[in-house]
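Peer 1: Residues in the sequence shown are numbered consecutively from 1, following the numbering used here.
Just so it is clear, CB atoms sit at the ideal spot from N, CA and C, and this is done for glycine as well.
Nothing here was measured: the structure is a model prediction, and the numbers come from that model.
Starting off with a structure, shown below.
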Amino acid sequence: MPQRPHTVPVTLPHSALPLADWADCYDLLVPGQATTAISAAKRALGDFPTWVRALMWLRNAVVSPFGLKSSGANGKAEMIGFFPIISQSSEQAVLGFDDTHLDFRIVVDVRQAGELAQRVSVTTLVRRKILLGKIYIAVITPFHRLIVKTMLARLARPGMAMR
Numbered sequence: 001m002p003q004r005p006h007t008v009p010v011t012l013p014h015s016a017l018p019l020a021d022w023a024d025c026y027d028l029l030v031p032g033q034a035t036t037a038i039s040a041a042k043r044a045l046g047d048f049p050t051w052v053r054a055l056m057w058l059r060n061a062v063v064s065p066f067g068l069k070s071s072g073a074n075g076k077a078e079m080i081g082f083f084p085i086i087s088q089s090s091e092q093a094v095l096g097f098d099d100t101h102l103d104f105r106i107v108v109d110v111r112q113a114g115e116l117a118q119r120v121s122v123t124t125l126v127r128r129k130i131l132l133g134k135i136y137i138a139v140i141t142p143f144h145r146l147i148v149k150t151m152l153a154r155l156a157r158p159g160m161a162m163r
């Protein structure tokens, strides 16, 4: 049976978003050959299941009257799924963008865990700028947790070996 993601504590401030006031992190032991953080991010976040795409469509329909972005696409940055890549190294990929109500980052970290496995963690950092940002996070948090755990768990599925 594949490993399941588990919650790990996050220390704020975090270098990827020093003014973040909300954060969570999920961690998973992934067996298989070594990979980079950007490769893990692409595998976990690059192709959302239909139910996640439907939730994102619903989110975009609900928030667009408030002037909130539907994605961070700006034509300049390389994207993974809905998210622009801000920075990357072999051990860490940082995705995200800034909006009027909040700024957010998704940080994918990869570290060796013995000879035949790696530990992959996904940290979400949010700086809630205005009341709408606080309300938005309160509403989406249960969905966010389910989506992150689901996407991270995909990395440990048989036949989904890390590359």
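1. Within the same chain, show all residues whose beta-carbon is closer than 8 Å to that of L28, passing over the 5 residues directly before and after it, in chain order.
2. Since G46 and I85 should fall inside the 8 Å C-beta cutoff, what is the C-beta to C-beta distance between them, to a whole number of angstroms?
3. Report the three-state DSSP secondary structure of G96 (helix, strand or coil).
4. For L12, which residues of its own chain have a beta-carbon under 7 Å away from its beta-carbon, when the five flanking residues on both sides are left out?
5. Any idea what DSSP makes of V62, helix, strand or coil?
6. Can you grab the Cα-Cα spacing for the pair T50 / L131, in whole Å?
7. Does DSSP classify V10 as helix, strand or coil?
8. I need the boundaries of the alpha helix (DSSP H) containing A44, first residue and last residue.
9. Just to confirm my understanding: we take T179, look at its own chain, exclude 5 residues before and 5 after, and list those with CB closer than 6 Å. What are they?
10. Can you tell which of R145, L116, K129 has the C-alpha that lies nearest to the C-alpha of T100?
Peer 2: In terms of the structure at hand:
1. Here L28 has Q3, R4, P5, H6, R119, V120, S121, L152, A153, L155, A156 as same chain residues with Cβ atoms under 8 Å from its own Cβ, once five neighbours each way along the sequence are excluded.
2. I85 and G46 do not touch by the CB rule: their CB atoms are close to 11 Å apart, not below 8 Å.
3. Here G96 carries a strand assignment [DSSP, helix/strand/coil].
4. Only A20, A23 meet the Cβ criterion.
5. In the three-state reduction of the DSSP assignment, V62 falls in the helix class, which pools H, G and I.
6. Pairing T50 with L131, the inter-Cα distance amounts to about 31 Å.
7. Secondary structure of V10 (DSSP, three-state): coil.
8. Boundaries of the alpha helix (DSSP H) harbouring A44: 37–45, taken from the DSSP string.
9. Given a span of 1 to 163 for the chain in the structure shown, any question on residue 179 remains unanswerable.
10. Taking T100 as reference, the option from R145, L116, K129 with the minimal CA-CA separation is K129.
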